[in-house]
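In order, the protein sequences belong to chains A and B.
1 is the number of the first residue of the first sequence in this note's numbering; add one for each residue after it.
200 is the number of the first residue of the second sequence in this note's numbering; add one for each residue after it.
No residue lacks a Cβ here, since even glycine has one placed at the ideal position from N, Cα and C.
What follows is a set of notes on a single structure, which appears directly below.
2 protein chains.
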Amino acid sequence: MPQSQRQIEERQLRKERILSGALQVFKKHGIDGATMDEIANESGFGKATLYYYFKSKEDVLTAILLDGWLKIWESLEPVIAQQHSPRKTFVNVLIKIAENAQKRPGLFEFLFNVPKVVKIEKQPWKEYQDRLYSVIKGLIEDGVKSGEFPNINPNHMFKALGGLFMGLVFMGDREEPVTDKDVEKLLNQLITDPTLPTN
Amino acid sequence: MPQSQRQIEERQLRKERILSGALQVFKKHGIDGATMDEIANESGFGKATLYYYFKSKEDVLTAILLDGWLKIWESLEPVIAQQHSPRKTFVNVLIKIAENAQKRPGLFEFLFNVPKVVKIEKQPWKEYQDRLYSVIKGLIEDGVKSGEFPNINPNHMFKALGGLFMGLVFMGDREEPVTDKDVEKLLNQLITDPTLPTN
DNA sequence: CTAATTTTCGAATGTACATTCGATAAAATA
DNA sequence: TATTTTATCGAATGTACATTCGAAAATTAG
C-alpha cells in the first residue's frame, strides 16, 4: 500500500520505455502493421508485460499521442500568454513547435501525420490538437484583421503553412534548431508582409 | 476461345463495379480496415467472385491507384506538351488536376492521400505519381529561374502549394469547376508575382 | 439440345495477430 | 525470515479476416 516514490518513478520509466519502443515500431510498420510482439522485443519486455502496463494496443497508441500533444501544448501556453502582435506571437509559436520537434525527433512527425490515419472518436489527445489548431487559426485571423498579414483566406493560409512548415522542420537534414530568422523567412516567402515595401 | 467483344467489355464493367465499391469501403474504413466481405457487399458480388477478377485485396487497391494515376497523367500530357511559359503551364496543370478531381469526386482525394499510408515498393502507379511530381517541380524551378516566380526554394513552394491546392479542390463544398481565375488567385496569394507591382 | 466455358458464391481453411492465463520470480514489507 | 505485493513472461485462447474449395448456375458454342 505505501507505494514508494521510487517505485512509482520506475514504473513510469518502464512505461516510457514501452512507449518509446512502440513509437519506433509504429513508425516502421504503420499503426496497423505494428505487432505487440515486435513492440515487446523493441522495448525489451515480454509480450504479456505490455499488458501489465497498458490495457491494449490502442491504449499504447493513445498514450503516445496524448503525451506528445500535451507536451506541445504545455510548452506553447506561455508563448501564447505573452501579449505580442499576432505576427510576432505566430512566429514564436512556430519556433516553439520546431524546438519541440528537434528535441524528440520522430515523435512529432508521427504526431502530425497520425490524424490522417486514425478514425475513432473521442480521442483524448484531440482536445490538445484542436486547441493548437484553433490558436493558430485565430492568430492568422487576427493578423489578417489587423493588417499584419495580407488578406488571404485564413483556411488557405493555414493549409499552405502546414505543408511549408512541416517541410522545414521535418524534412531538413539539419541539426541546428530552427531560428526566428528561419521562420520569418518562411513567412516572408509565403506572404509578403504588406506593411513592408517589396524589394 | 472466341471471347466476344461484348464479353470482354462486360467483364471490364464488372471489374470497375468492384473497384468502385472497393473505393467506397477503403475511404470509409481505411485500407487496413476494409474487408473483402464489405467490398463484396458494396459492389454486389459474392466474396469469392472478387477473387475471380482480382488476385488479392492488394491487387484491388493497386488497380484503383494505377487506374487513377494513369488517367490523371493522360489528361495532363497534352497540357504539358503545349509550349507556354512555366507560370501559364503551371496554372493549366493545376486546373486540369482540379477538373479531374471534380469529375470523379472521392477518387482523387484518396489518390493524393494514400501514399502516406502505403509502404510497399515497386507500386506500378508510383511511376505516374513521380512523373507528375517532377513535372510540377520542374515547372516551379523554371519559373523561379525565368523570374516568373519569386526566388523561393522550389521544394518549399511545392509543399505549400500541395496543402493549399488540396484545400481548394477537396475541401470546398463548391460544385462549380475550379477556374483559371481561382488558380491565379491562389497563386497570387501564395507568391506575389515579382513582375507586378504590389498594390 | 448437349457440351464446354464462364461466372457466381457460401462454406471451409489457414493464419496472423491481440489478448488472457497461470505460473514464477523478484522486491518490498513487517 | 515469512508473507504480501509487484513484475515478468511464454504458452494457450479466441477472433477476425484473407484466401481457397467445390459445387452449381448461367451463358455461350457446336
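At which residues does the alpha helix (DSSP H) containing residue i begin and terminate?
{"i": "A/Phe158", "result": "Pro154 to Met166"}
{"i": "A/Gln123", "result": "Neither: A/Gln123 is in no alpha helix (DSSP H) and is coded neither H nor E."}
{"i": "B/Ala239", "result": "Met235 to Ser242"}
{"i": "B/Glu276", "result": "Lys256 to Ala280"}
{"i": "A/Glu109", "result": "Leu107 to Asn113"}
Suppose contacts are defined by Cβ-Cβ distances below 7 Å. Is residue i in contact with residue j by that definition?
{"i": "A/Asn100", "j": "A/Ile72", "result": "yes"}
{"i": "B/Ala221", "j": "B/Ile207", "result": "no"}
{"i": "A/Phe110", "j": "A/Lys137", "result": "no"}
{"i": "A/Leu107", "j": "A/Gly68", "result": "yes"}
{"i": "A/Leu206", "j": "A/Tyr133", "result": "Nothing about residue 206 of chain A can be read from this structure; chain A reaches only from 1 to 199."}
{"i": "B/Pro285", "j": "B/Glu383", "result": "no"}
{"i": "B/Leu363", "j": "A/Ala48", "result": "no"}
{"i": "B/Arg216", "j": "B/Ser242", "result": "yes"}
{"i": "B/His355", "j": "A/Gly30", "result": "no"}
{"i": "B/Phe249", "j": "B/Met235", "result": "Looking at the sequence provided, one finds Leu at residue 249 of chain B rather than Phe. In this structure, B/Met235 lies closer than 7 Å to B/Leu249 by Cβ."}
{"i": "A/Asp32", "j": "B/Asp231", "result": "yes"}
{"i": "B/Trp324", "j": "B/Leu275", "result": "no"}
{"i": "B/Phe164", "j": "B/Ala233", "result": "As shown, chain B starts at 200 and ends at 398. That puts residue 164 of chain B outside it, with no answer to give."}
{"i": "B/Pro376", "j": "B/Gln301", "result": "yes"}
{"i": "A/Lys28", "j": "A/Tyr53", "result": "no"}
{"i": "B/Leu338", "j": "B/Thr261", "result": "no"}
Here's the rule: buried if 16 or more other CB atoms are within 10 angstroms of the residue's CB, otherwise exposed. What is residue i?
{"i": "A/Ile97", "result": "buried"}
{"i": "A/Thr179", "result": "exposed"}
{"i": "B/Asn350", "result": "exposed"}
{"i": "A/Pro154", "result": "buried"}
{"i": "B/Gly342", "result": "buried"}
{"i": "A/Asp182", "result": "buried"}
{"i": "B/Gly361", "result": "buried"}
Put residue i into one of helix, strand or coil per three-state DSSP.
{"i": "B/Val382", "result": "helix"}
{"i": "A/Glu99", "result": "helix"}
{"i": "B/Ser203", "result": "coil"}
{"i": "A/Gln12", "result": "helix"}
{"i": "A/Gly147", "result": "coil"}
{"i": "B/Glu375", "result": "coil"}
{"i": "B/Ser219", "result": "helix"}
{"i": "A/His84", "result": "coil"}
{"i": "B/Gly245", "result": "coil"}
{"i": "B/Arg303", "result": "coil"}
{"i": "B/Phe253", "result": "coil"}
{"i": "A/Val118", "result": "coil"}
{"i": "B/Leu395", "result": "With a pLDDT of only 41 at B/Leu395, under the threshold of 50, the placement of this residue in the model should not be trusted; the figure read from the coordinates follows. Reduced to three states, the DSSP call for B/Leu395 is coil."}
Near-chain A residues of the region 336-351 of chain B (beta-carbon distance less than 8 Å), N- to C-terminal order:
Pro349 and Ile351
Using a beta-carbon distance cut-off of less than 7 Å, what residues from the region 92-103 of chain A approach chain B?
none
Identify each residue in the region 35-54 of chain A for which the Cβ-Cβ distance to at least one residue of chain B is less than 8 Å, and report them in chain order.
none
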